[in-house]
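> This is the structure I want to talk about, given as structure tokens.
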Amino acid sequence: MTTLNYDYFYDWVHLNLNIRLDAYKEKQLNRRIQTVMRQAGANTLEEYSSLIHGDEGVKKQFLDYITINVTEFFRNKDLFEKFEELLLNDLSKKFNEIKIWSAACSIGAEPYSLAMIINRHSLPLKRKIIATDIDETILAKAKTGIYKENELKNVSLLDRTTFFKEDNKRFVLDEKIKGMVEFKKHDLVLDSFEQNLHVIVCRNVTIYFKNEVKEDIYQRMSDSLVKGGLLFTGATETIYQPEQYGLKKVSSFIYEKVL
Ligand SMILES: C[S@@+](CC[C@H](N)C(=O)[O-])C[C@H]1O[C@@H](n2cnc3c(N)ncnc32)[C@H](O)[C@@H]1O
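What follows is the structure in structure tokens.
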């Protein structure tokens, strides 16, 4: 069996697709690369890179497969309940505007969940939700605001009827919620971060990065937050020494910028 030349492939992907594969945990990523390479019918990574180069379909399959897009509305419901509580009792008291960034937002379920929560309350707040992801295909889906029933499993009946219109087994999100979210392509490893943010929601993506990359991302996120702003992480992404980034734990998976 030939050994796969991952060094060559990582360099090729960086040069041709502008993605830094070396930022991700190697074992997990290489397993995925091998699987998707074989699915494309290639035996070596040199062969696979030629296929990616010459065929948009193969390129799309590669990008889809390495960016794991699993998500759902109100994922870990208790965290969204906590966001609602903090919005009402903390953020809206401290600030008269809130700029929220949903980083690595996948198909939009996360930023739209935040938008629905904000919309439930008539707060005297200027608000903006920016939602970003590295994967343009899923961003295109996010922008449509159209979902299948199984994607809505955590959405309450009340929210479903208030914020979605059913159309031939598809659920179409209300324009007022869609209009609250601005989607953009953004790479957490290579691109710079927006500044003066009040809330960053970055969930279920840092687990895929190497430790030093994750630490750099948390530091840059802390730098992007205004004092008193909040960082929400995923339910397996505890920050063990938040003070190293100028953050303080508020409750499980929620950190406040203190310095
Ligand atoms: C498992 S999903 C998480 C979605 C959502 N945040 C949630 O918790 O439900 C991970 C997302 O991270 C995105 N992603 C992976 N690498 C990225 C990078 N370098 N920069 C930005 N987004 C990235 C993927 O495209 C994918 O949509």
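Just so you know, UniProt numbering puts 50 at position 50 of the sequence shown, and the rest follows in order with no gaps. Ideal Cβ placement from N, Cα and C applies to all residues, glycine included.
Name the DSSP bridge partner or partners of GLU182?
Partner(s): ILE130.
> Between the alpha carbons of MET37 and THR236, how many angstroms are there, rounded?
Those two C-alpha atoms are separated by around 29 angstroms.
> Compute every distance between the C-beta of ARG32 and the non-hydrogen atoms of ligand 1, then say whether any falls below 8 angstroms.
No, the Cβ of ARG32 stays beyond 8 angstroms of every heavy atom of ligand 1.
> Give every residue of the same chain whose Cβ lies closer than 6 angstroms to the Cβ of LEU21, excluding the five residues on either side of it in the sequence, and list them in chain order.
Hits under 6 angstroms: TYR10 and VAL13.
> Using only the alpha-carbon positions, how far apart do SER224 and VAL189 sit?
Each residue's alpha carbon lies about 15 angstroms from the other.
> Would you mind stating whether ALA140 and PRO111 have Cβ atoms separated by less than 9 angstroms?
No.
> Around the Cβ of PRO124, are there at least 16 other Cβ atoms within 10 angstroms (buried) or fewer (exposed)?
Its Cβ having fewer than 16 others within 10 Å, PRO124 is exposed.
> Pick from LYS93, GLU84 and THR67: whose alpha carbon is nearest that of SER106?
Nearest C-alpha to SER106: THR67.
> Can you list, in chain order, the residues of its chain with a C-beta nearer than 7 angstroms to that of PRO242? Leave out the 5 residues immediately preceding and following it.
Taken in chain order, the residues that qualify are LYS248, LYS249 and TYR255.
> Just mark SER251 as buried or exposed, buried being the case when its beta carbon has 16 or more other beta carbons within 10 Å.
Exposed, by the Cβ-count rule.
> Once DSSP output is grouped into helix, strand and coil, what is the label at ILE239?
Coil, per DSSP.
> Check whether the Cβ of ARG203 lies closer than 8 angstroms to any heavy atom of ligand 1, and answer yes or no.
Answer for ARG203: yes, Cβ within range of ligand 1.
> Compute every distance between the C-beta of GLY234 and the non-hydrogen atoms of ligand 1, then say whether any falls below 8 angstroms.
Yes, Cβ of GLY234 sits closer than 8 angstroms to a heavy atom of ligand 1.
> Is the distance from the Cβ of LEU231 to the Cβ of LYS257 below 9 angstroms?
Result yes, Cβ atoms of LEU231 and LYS257 sit closer than 9 angstroms.
> Using only alpha-carbon positions, find the residue among SER113, ILE177 and ALA142 that is nearest to SER156.
The shortest C-alpha separation from SER156 is found at SER113.
> Just to confirm, does GLU72 get its C-beta within under 8 angstroms of one of the non-hydrogen atoms of ligand 1?
Correct: GLU72 has its Cβ closer than 8 angstroms to ligand 1.
> At a cut-off of 8 angstroms, is ILE130 close to ligand 1 when judged by its beta-carbon and the heavy atoms of the ligand?
Result no, Cβ not under 8 angstroms from ligand 1.
> Nearer than 8 angstroms: is that true of the beta carbon of LEU188 relative to any heavy atom of ligand 2?
Among the ligands modelled here, namely ligand 1, ligand 2 does not occur.
> Out of ASN96, ALA23 and LYS93, point me to the one whose CA is closest to THR206's CA.
Nearest of ASN96, ALA23 and LYS93 to THR206, Cα basis: ALA23.
> Let me know the alpha helix (DSSP H) ranges lying completely inside the segment 130 to 169, each 4 residues or longer, listed in chain order.
Runs of the alpha helix (DSSP H) inside the segment 130 to 169: 136 to 144 and 157 to 163.
> I'd like the span of the beta strand (DSSP E) that includes GLU97, first residue to last.
Segment 97 to 103, the beta strand (DSSP E) holding GLU97.
> Whole angstroms are fine: how far does the CA of TYR240 sit from the CA of GLU215?
Looking at the two C-alpha atoms, the distance is approximately 11 angstroms.
> At which residues does the beta strand (DSSP E) containing GLU256 begin and terminate?
Here the beta strand (DSSP E) through GLU256 covers 254 to 257.
> I think ASP187 touches ILE134, with their Cβ atoms under 8 angstroms apart; what is that distance to the nearest whole Å?
About 5 angstroms separates the two Cβ atoms, so the contact holds.
> Starting from LYS82, follow the alpha helix (DSSP H) in both directions and report where the run begins and ends.
Per DSSP, LYS82 belongs to the alpha helix (DSSP H) from 77 to 86.
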